[in-house]
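Counted the way my numbering counts, the sequence shown spans residues -19 to 171.
In this text, a Cβ means the ideal position worked out from N, Cα and C, and glycines have one as well.
Heads up: the structure comes next, in structure tokens.
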Amino acid sequence: MTRDPHGGAPVAAAGTPLADARAVVILLHGRGGSAADILALGEHLGLDGAAYLAPQAAGASWYPYSFLAPAAQNEPWLASALELVGALVEKAGAPERTVLAGFSQGACLALEFAARHARRYGAVIGLSGGLIGPPGTPRAYGGTFGGTPCFLGCSDVDPHIPFSAWRRRRRSWMHGCLPCITGSWRTWARM
């Protein structure tokens, strides 16, 4: 087993060249997905002047177990994935014009990275994901988000995310552990 499974991961890019971009959107795919899959989402966002960066997870998975498993069980994959996201945030330049967005396992990764590295971001978007770790995991995050906009969305019948767990994590994300974030959420019925 390698200690840095996502080290040297390829990063797909689209949109405005990074040097000319008004905003940078880091898109994180779900388990079994690909950078190309999630990059296609950028076409539907309609953000003029945005650069899109989408890294490819090793083996199409950011970490091997459920986001509800103890974080230690998902090492070293989780630490490697968080390091990769951090490198992309650095590459993007100004965090306040950087959007972290993910779907499923990628949403968990985006939310966990933002929680561990609180600062003003352009936005944080999590579709069908939550903070990583089982119920009761201490959430003693420091820092402030300075009014970062946030959107969380999930289906009420997601086969990988129990709706009750998502609802608890949504409350934790938006009202408990993360001060100074402005957010909205949506649940899609039977989707």
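Item                                                                                                                          : Value
Close Cβ partners of Phe93 (< 6 Å) along its chain, the five nearest in sequence each way excluded                            : Leu62 and Val65
Buried or exposed by the 16-neighbour rule on C-beta atoms within 10 Å, applied to Pro(-15)                                   : buried
Run of the alpha helix (DSSP H) containing Gly66, from where it starts to where it stops                                      : Trp57 to Ala72
Bridge partner(s) assigned by DSSP for Tyr32                                                                                  : Ala(-6) and Val5
Assigned exposure category for Pro50 - 16 Cβ within 10 Å defines buried                                                       : exposed
Bounding residues of the alpha helix (DSSP H) (the contiguous stretch that carries Ile18)                                     : Ala15 to Leu25
Chain-order list of residues whose beta-carbon lies under 7 Å from that of Ala(-6) (same chain, five-residue window excluded) : Leu19, Gly22 and Tyr32
Spatial distance of Val4 from Pro56 (CA atoms)                                                                                : 27 Å
Segments assigned alpha helix (DSSP H), at least 4 residues, entirely inside the region 73 to 143                             : 85 to 96
Where Gly39 sits in the DSSP three-state scheme                                                                               : helix
Ala34 vs Val(-9) beta-carbon contact at 9 Å                                                                                   : yes
Supposed contact pair Ile105 and Phe180 - C-beta distance, whole angstroms, cut 8 Å                                           : Outside the shown range of the chain (-19 to 171) lies residue 180, about which nothing can therefore be said.
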